[in-house]
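Only one structure is covered here, and it is reproduced in the block below.
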Amino acid sequence: MGMYALPPRIEASDGAVTGVACPDCSGVLGMRAEGRDGFLVFVCRILHTYDVAELLAVKEERLEERLWCGVVALEELAQLLADLAAQGADHGESAGARQAYEKRAAVARGRAEALRTMINANGAIDLTQSQTDGRTPHDQR
Amino acid sequence: MINADRRPRDIIVVGGSAGSVVPIMSLLESLPSDLPAALAVVLHRHPFHETQLPQVLGRRCPLTVIEPMDGDTVQRGVVYVAPRDHHMLFADGTVRLDRGPKQHRTRPAIDPLFMSASAAYGPRVLGVLFSGLGSDGVSGFLTIKAAGGLTLVQSPRDAQFPTMPLRALREDDVDGALDAAELGDAVAVLAAGGVFTDAARPAPA
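Those protein sequence lines, which keep their order, are chains A and B. Letter by letter, the first sequence follows residues 2 to 142 of the numbering used here. Letter by letter, the second sequence follows residues 44 to 248 of the numbering used here.
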């Protein structure tokens, strides 16, 4: 069973089901070709409706939101571990346990920073940039 | 030659996005005060900010320009402007407003107006698509035409952002591409069931 994003064949009349989710409601996204030039329209069960450019744009927005969720998760975890390391002595944690918390906090902080830097630079999500010049932002530095 | 079969096109649905306020104003101000048609206008607009759009559009328009209430009876001589954050639809002789799913990332969107008008009024519908980016209105145009209605676009060379008119022209047999200054005349003629001939580009004999 092969997964796909766009179906291999799109019947103009009745459309087809895509292999990607609606970016606004996570429902199944269908598609059809309209007009004499095969204008592609994506529609979910709810009737959220997109053309190709809009679908890409909303998918990019959702990706950015989810990447920020990753930053929040890492920063929360880093802070929790740092607080546990700092306050551990009051709650009977050994010096070794507190050191282990501090180490894990440092790793989480590092990854949060790396992810934040990546999102700030827009390198992970600016599809238009890599489409126009074929290079990643990293190559341009 | 547009409307050779002389049907009255008395349900006029208008869509516009970036760069369309000024040409839509010029359409509205050139309409006759006794236009025998109802007009509905969807302009892509900000979902939160109140912008007094009907007052702006209606400043020099001889017809009544309003944001309708949900359920208002459709009346001739009235221009209905979709309120912010609502789709505007025609159903059962009334104007309906709802907060249905965004289409083309926007609400109000042009396609729901065009499609509902087409479902309710079929060949009586005249769709007009103005300047804008993106493709809202293209599916609606296909629906209007398939139901026997007519479609006009602001000519791409006259539009500040010609993407929307160009996509409509690419996907369908649009009945005419006219400059904003000519669209008022065309709408008035077609609403009354007349034949419109583009003076600048007469139909081939």
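Positions of the beta carbon are idealized from the N, C-alpha and C atoms, including for glycine.
B/A134 sits close to B/S159, with the two beta carbons spaced by under 8 Å.
In the same chain as B/V181, and ignoring 5 residues on each side of it, the C-beta atoms closer than 6 Å to its own belong to R210, A211, E214, in chain order.
For a Cβ distance threshold of 8 Å, residue set F40 of chain A lies close to B/R210, ordered along the chain. Remark: C-beta atoms of A/A115 and A/E103 do not approach each other more closely than 8 Å.
A contact between stretches requires three or more CB pairs, one per stretch, nearer than 8 Å, and the stretch 77 to 85 of chain A fails this requirement with the stretch 51 to 59 of chain A. Residue nearest to B/I153 within the set B/D201, B/L100, B/M207, B/G191 is B/M207 (criterion: CA-CA distance). Between the beta-carbon of B/P79 and that of B/A235 there is about 6 Å, and that keeps the pair under the 8 Å contact cut. Taken atom to atom, the span from the alpha-carbon of A/R10 to that of A/A17 is near 8 Å. Think of a sphere of 7 Å around the beta carbon of B/S182: the chain A residues whose beta carbon falls inside it are E35, V42, in chain order. Against chain B, a Cβ distance below 9 Å from A/T19 picks out nothing, because the smallest value is about 17 Å. The beta carbon of B/I45 is closer than 6 Å to those of D218, G219, F239 in its chain, skipping five residues each way along the sequence. By the Cβ neighbour-count rule, A/I47 is exposed, with fewer than 16 other Cβ atoms within 10 Å of its own. The alpha-carbon of A/D52 is positioned some 57 Å away from that of A/E94. Any Cβ of chain A closer than 8 Å to the Cβ of B/R148 would place that residue at the interface, and such an atom is present. Taking each of B/I54, B/G58, B/V168 in turn and checking the Cα distance to B/P151, the smallest one comes out for B/G58.
Following the DSSP letters along the chain, one finds B/R139 inside the beta strand (DSSP E) bounded by residues 137 to 141. Exclusion of the five residues before and after B/R50 leaves P166, G236 as the residues of its chain whose Cβ lies within less than 7 Å of its Cβ.
Taking all protein chains shown into account, B/D201 has 16 or more neighbouring C-beta atoms within 10 Å of its C-beta and is therefore buried.
One Cα belongs to A/A122, the other to A/R110, and the distance between them is close to 18 Å.
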